[in-house]
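K.L.:
For reference, each letter of the sequence shown is one residue, going 31 to 586 in our numbering.
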Amino acid sequence: QPYKDLKPEFFSARLRFRAIIQNFPKTDASVEAAKNLLTSYQMEVDVDNMKKVAKWLDEKGLAPEDTLKEIKQTLRTIFLGSIAVKAEALHNKAKILDKEAVAATDRDEAFSLHKKARAGFKAAAREYRRLQHETDKTKVKLQSLLNAVALYYRAQEWDESFATLDEAEQMLRGINEKSSTSKSERKTNVKRLIDVIQRRANLQFRFFRLPEAIANFREVYKLDSNGSKGKNALQNAALLAYRNANWDLAIELNEEVVRRLKGDFKKKIEWDNANQRIVDAYKAKGNIDDYISALKTQIGRYQRDKSASDKVYAAWGEIARLYRGRGKKRDEVRIWKMLIKDFDKRALPKNGGVEAKVVAEAQFRLMEPNYNKYMKRKLKENKRLRPAKRMKDLQAQLKAMMDVVLGAESKQKNKDTGEEYYQRSGGMYDLYRDNVAIYGARDWSYAAFLYRAKMLIHLARTIYDAPRPENMDEDSEEAYEEFLEKFGGQIENKAIKSLELALKDAEAKGIVNDWVNQLRMAINRYKPAEYPLLKEAKRLTKFPDGTDPGVEKELR
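#1: From residue 344 to residue 418, what distance separates their C-alpha atoms?
#2: Rounded to whole angstroms, what is the Cα-Cα separation between residue 172 and residue 165?
#3: With distances taken from CA atoms, which of 479, 114, 137, 227 is nearest residue 533?
#4: Output the boundary residues of the beta strand (DSSP E) element that contains residue 371.
#5: Quick one: what's got a C-beta closer than 8 Å to residue 528's C-beta in the same chain, skipping five residues either side?
#6: Please report the straight-line C-alpha distance between residue 276 and residue 382, rounded to a whole angstrom.
#7: Check each candidate in 203, 342, 64, 396 and name the one with the smallest Cα separation from residue 367.
#8: Please determine, among 455, 394, 123, the residue with the shortest C-alpha to C-alpha distance to residue 468.
#9: Whole-angstrom Cβ separation of residue 158 and residue 117, contact assumed at under 8 Å?
#10: Measuring CB to CB, does residue 471 end up less than 9 Å from residue 536?
#11: Going by beta-carbon coordinates alone, are residue 224 and residue 195 separated by less than 9 Å?
#12: Determine the direct distance from the alpha carbon of residue 83 to that of residue 198, and round the result to whole angstroms.
#13: What's the gap between the Cα of residue 140 and the Cα of residue 147?
#14: Kindly indicate which three-state DSSP category residue 454 falls into: helix, strand or coil?
#15: Answer with buried or exposed for residue 317, where buried requires no fewer than 16 other C-beta atoms within 10 angstroms of its C-beta.
#16: Assign residue 462 to buried or exposed, taking buried as 16 or more other Cβ atoms, counted over all protein chains shown, within 10 Å of its Cβ.
#17: Could you compute how far the alpha carbon of residue 454 sits from the alpha carbon of residue 356?
#18: Put residue 204 into one of helix, strand or coil per three-state DSSP.
#19: Going by DSSP in three states, residue 297 sits in which element: helix, strand or coil?
#20: Along the alpha helix (DSSP H) that carries residue 437, what are the first and last residues, could you check?
#21: Going by CA-CA distance only, name the one from 296, 237, 299, 327 that's closest to residue 281.
#22: On the criterion of 16 or more Cβ atoms from any shown chain inside 10 Å, does residue 39 qualify as buried, or is it exposed?
#23: Quick test of your reading: residue 101 and residue 68, contact by CB under 8 Å. State the CB separation rounded to the nearest angstrom.
#24: Less than 9 Å between the C-beta atoms of residue 492 and residue 408, yes or no?
#25: Thinking just about the alpha-carbon of each residue, which of 192, 176, 246 is nearest to the one in residue 219?
#26: Thinking C-alpha only, which one of 510, 542, 496 is nearest residue 502?
#27: Taking the straight line between their C-alpha atoms, what separation do you get for residue 251 and residue 268?
#28: Please state whether DSSP places residue 93 in a helix, a strand or coil.
#29: So, is residue 425 buried or exposed, given that buried needs 16 or more other C-beta atoms within 10 angstroms?
#30: Note down, in chain order, each residue of its chain lying with its Cβ closer than 6 Å to the Cβ of residue 588, except the 5 sequence neighbours on either side.
#31: Give me the residue from 50, 106, 88 with the minimum Cα distance to residue 77.
#32: Exposed or buried, which one is residue 271 when buried takes at least 16 other CB atoms within 10 Å?
#33: With 16 other CB atoms within 10 Å as the buried threshold, where does residue 576 fall?
#34: Assuming residue 255 is part of the alpha helix (DSSP H), what are its boundary residues?
#35: For the alpha helix (DSSP H) containing residue 551, name the first residue and the last one.
#36: How is the alpha helix (DSSP H) around residue 186 delimited, first residue to last?
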């Protein structure tokens, strides 16, 4: 207690003050003595004895009415002040403990200090609540309640936090509804109300009460639509609506974010995120027409921004895939061709970026009809021809298939030896490399290598299964079989090498995706020990009916 060293002097003085009051009641001297007596207890912060003195003066009629009234008012002020002082002292001590807890290196010590700090914040909050209920002054009530709100939060007393936040909102709204509240006071209270509702929204989010948090963030935006807190609250509400899978509300709020942040360079990332959430929400709703419309809206927002070409290409690519899924081949092809033309016109880098990936996919998809057409081709014996001409017809069919896959045969000359030789080039085997793999998009590069190998495998198996013309003698038939096996084997070996190169590249880079899994399944049929299947790939593996892969290998 303050002035504790003066206790003997206070004791002696108090006896004299009491004697004056008792012997000369209701005189100027007794009034002065009463004030001095109360002051001595005040200096010791002894509120209880101050109350006893006031009660003694009142019951014994030792002081005038006006003096008693003044004493009671003073005593009331001192009493309320003592609560405030105690609350502040508890708060300051808790803050010190909290800082010590943060600085502590020992885990157990830090935990203990944090626990004590929370207890201190809770005790301080209770004192402010006590002050709130004791005082008659509205401003003191409000400030005490707001202090309790903050302290219960720091004490992690969540039930009390929610209760005081709700009470604070009601009090602030009630004060602002009074006609006696000044304009400046209303403005201040609105700021306080924003802080209260925002704190409650954050707390609701902390406990995954997302609908309530969204509603409170929206209320903050309503109260501060042009301020930074309001804009941040709008972004929070938009994000939470998206995370809560409330797609209609997510679209509405994110559209508002896009509108409010348009042109704000500092908020470019937030603007981009809101745009993407709108598109994702439409996708999640499952209405393809609305989803395509949202993608086109996104394209329109980024069309003139050269730095955002990745977003434009990604959106167009998604639209093309949607048309593909709907069987709208003409619309799909139109978009793929447009993207390829734009990519070449702008000389964008073939570096595996978003734009390059989309264009690699475009090239791959545009080649797909020819691939599918080729994979259906077989060698057929034309029995309408004379037996002597059937072999030439089969040779012509095989040549046509080889022209598609490996390109037309042309005469070449060795520069060193001058020796002439024939070479095939320009077929789909080369085009998959030159038109798809060249973009550096790994997914589609692996897809291209897979299809290259599949075309060769199909060609080899077509050769193996070539019709055996009738009326061949035994020696000719044996030579024919040997030729088919040798020629088909050369092509199949080339396919195996292509598969191995692609798969080894994927393994070296640690890439696992659907195309890589398909590469593994394809090579596994030839080298199961070297390239075992992953569990998922095993479930995906299918073989033609009636053909066991082991038996097929033996037949080869």
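In this text, a Cβ means the ideal position worked out from N, Cα and C, and glycines have one as well.
P.N.:
In brief:
#1: As a working note, residue 344 is residue 314 in the sequence shown. As a working note, residue 418 is residue 388 in the sequence shown. The straight-line gap from Cα to Cα measures roughly 57 Å.
#2: Taking the sequence shown and counting its residues from 1, one reaches residue 172 at position 142. Taking the sequence shown and counting its residues from 1, one reaches residue 165 at position 135. When only Cα atoms are considered, residue 172 and residue 165 end up about 10 Å apart.
#3: Residue mapping note: residue 533 aligns to position 503 of the sequence shown, counting from 1. Shortest Cα-Cα distance from residue 533 to any of 479, 114, 137, 227 involves 479.
#4: Residue numbering aside, residue 371 sits at position 341 when the sequence shown is read from its first letter. That residue, residue 371, is in no beta strand (DSSP E); its alpha helix (DSSP H) goes 359-376.
#5: Stepping through the sequence shown from its first residue, residue 528 is reached at position 498. The beta carbon of residue 528 sits closer than 8 Å to the beta carbons of 479, 482, 483, 486 from its chain, once the five residues preceding and following it are set aside; these are given in chain order.
#6: Indexing the sequence shown from 1 puts residue 276 at position 246. Indexing the sequence shown from 1 puts residue 382 at position 352. Taking the straight line from one Cα to the other gives about 35 Å.
#7: Taking the sequence shown and counting its residues from 1, the one referred to as residue 367 is at position 337. Distance check between residue 367 and each of 203, 342, 64, 396 places 396 closest, using alpha-carbon atoms only.
#8: To locate residue 468, count along the sequence shown from 1; it is residue 438. The shortest CA-to-CA distance from residue 468 to any of 455, 394, 123 is the one to 394.
#9: As a first step, residue 158 must be located in the sequence shown, where it is residue number 128. As a first step, residue 117 must be located in the sequence shown, where it is residue number 87. Contact annotation, residue 158 with residue 117: C-beta distance approximately 5 Å; criterion of less than 8 Å satisfied.
#10: One-based indexing of the sequence shown puts residue 471 at position 441. One-based indexing of the sequence shown puts residue 536 at position 506. Cβ distance not < 9 Å, so residue 471 and residue 536 don't count as in contact.
#11: Translated into positions along the sequence shown, residue 224 becomes position 194. Translated into positions along the sequence shown, residue 195 becomes position 165. No, these two residues do not count as a Cβ contact at 9 Å.
#12: Taking the sequence shown and counting its residues from 1, one reaches residue 198 at position 168. Taking the sequence shown and counting its residues from 1, one reaches residue 83 at position 53. Cα-Cα distance, rounded: 37 Å.
#13: Taking the first residue of the sequence shown as position 1, residue 140 is located at position 110. Taking the first residue of the sequence shown as position 1, residue 147 is located at position 117. Answer to the nearest angstrom: the Cα atoms are 10 Å apart.
#14: Here residue 454 refers to the residue found at position 424 of the sequence shown. Strand.
#15: Start at 1 with the first residue of the sequence shown, and residue 317 comes out as number 287. Label assigned to residue 317: exposed.
#16: Position 432 of the sequence shown, counted from the start, is the residue given in the question as residue 462. Buried, because 16 or more other Cβ atoms sit within 10 Å of the Cβ of residue 462.
#17: What you label residue 454 is simply residue 424 of the sequence shown in a count that begins at 1. What you label residue 356 is simply residue 326 of the sequence shown in a count that begins at 1. Taken atom to atom, the span from the alpha-carbon of residue 454 to that of residue 356 is near 38 Å.
#18: Translated into the one-based positions of the sequence shown, residue 204 becomes position 174. Reduced to three states, the DSSP call for residue 204 is helix.
#19: Indexing the sequence shown from 1 puts residue 297 at position 267. Residue 297 carries a helical assignment under DSSP once its states are collapsed to helix, strand and coil.
#20: As a working mapping, residue 437 is identified with position 407 in the sequence shown. Where residue 437 is concerned, there is no enclosing alpha helix (DSSP H), although the beta strand (DSSP E) around it starts and stops at 437-443.
#21: Here residue 281 corresponds to residue number 251 of the sequence shown, with the count starting at 1. Here the closest residue by C-alpha is 327.
#22: Locating residue 39 in the sequence shown gives position 9, counting from the first residue. Residue 39 sits exposed, since fewer than 16 C-beta atoms from the chains shown fall within 10 Å of its C-beta.
#23: Counting from one through the sequence shown, the residue named residue 101 turns up at place 71. Counting from one through the sequence shown, the residue named residue 68 turns up at place 38. With 8 Å as the limit, residue 101 and residue 68 qualify as a contact, their Cβ atoms being about 7 Å apart.
#24: Indexing the sequence shown from 1 puts residue 492 at position 462. Indexing the sequence shown from 1 puts residue 408 at position 378. Contact: yes.
#25: Mapped onto the sequence shown, residue 219 falls at position 189. Cα-wise, what sits closest to residue 219 is 176.
#26: Looking up residue 502 in the sequence shown gives position 472. Looking from the CA of residue 502, the closest CA among 510, 542, 496 belongs to 510.
#27: Here the question's residue 251 lines up with position 221 in the sequence shown. Here the question's residue 268 lines up with position 238 in the sequence shown. Distance between the alpha carbons of residue 251 and residue 268 is about 11 Å.
#28: Taking the first residue of the sequence shown as 1, we reach residue 93 at position 63. Three-state result, residue 93: coil.
#29: Within the sequence shown, residue 425 is the residue found at index 395, counting from 1. Within a 10 Å sphere around the beta-carbon of residue 425 sit fewer than 16 other beta-carbons, which makes this residue exposed.
#30: Outside the displayed span of the chain (31 to 586) sits residue 588, for which this structure offers no information.
#31: As a working mapping, residue 77 is identified with position 47 in the sequence shown. Taking only the C-alpha atoms, the option nearest residue 77 is 106.
#32: By 1-based counting over the sequence shown, the position of residue 271 is 241. Buried: at least 16 other Cβ atoms inside 10 Å.
#33: Locating residue 576 in the sequence shown gives position 546, counting from the first residue. With a pLDDT of 39 at residue 576, under the threshold of 50, the predicted position of this residue should be treated as unreliable, though the coordinate-derived value follows. Exposed: under 16 other Cβ atoms inside 10 Å.
#34: Along the sequence shown, read from residue 1 onward, the residue named residue 255 stands at position 225. Judged by DSSP secondary structure, residue 255 falls outside any alpha helix (DSSP H); it is assigned neither H nor E.
#35: Within the sequence shown, the letter at position 521 stands for residue 551. Run containing residue 551: 544-554, per the alpha helix (DSSP H) assignment.
#36: For the purposes of this step, residue 186 is taken as the residue at position 156 of the sequence shown. It is not in any alpha helix (DSSP H) - residue 186 carries neither H nor E in the DSSP assignment.
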